[in-house]
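Under my numbering, the sequence shown is numbered contiguously, ending at residue 368.
The beta carbon of each residue, even a glycine, is placed where N, CA and C say it ideally should be.
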Amino acid sequence: MTRLSIGFCILVLGIYSQAQAASFSCEKAHLKAEKTICQRRSLNDADVKMATIYQIILHALPMGGCDQQKEIQWQWLKSRNACGANVPCLSKAYQQRQQQLDTMIQQRILNHGPF
């Protein structure tokens, strides 16, 4: 049942992310990376997907794991922002982070359950 529920969430996420804006306010974007993400649909979609999966993971982790993941996410955001307006750099950053999060979902949630 847990695998089915997670699978359904991921399916809904795929559909949901196509209709959403970036995970941050594009109106308040001031960094080059943020502005570029808001201007590029593929980056915008990658941002929403990554942010949603990240939130799912935070809710599935024990308290101690949340702090560690928040620090990892903060470091990733700094490296993403260092890409500036470089679209290939931003795309690669999102691909790599999404791969990390997908692995975490597989290891933590699908193999062990959220409990």
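{"Item": "Give me the Cα-Cα distance between Ala286 and Thr305, rounded to the nearest whole angstrom.", "Value": "19 Å"}
{"Item": "Going by alpha carbons, who is nearest to Gln292 out of Leu343, Gln321 and Gly318?", "Value": "Leu343"}
{"Item": "Quick check: Ala248 and Gln351, are their CB atoms within less than 8 Å of each other?", "Value": "Outside the modelled stretch of the chain, which goes from 254 to 368, sits residue 248, for which no answer is possible."}
{"Item": "Pick helix, strand or coil for Leu314, following the three-state DSSP scheme.", "Value": "coil"}
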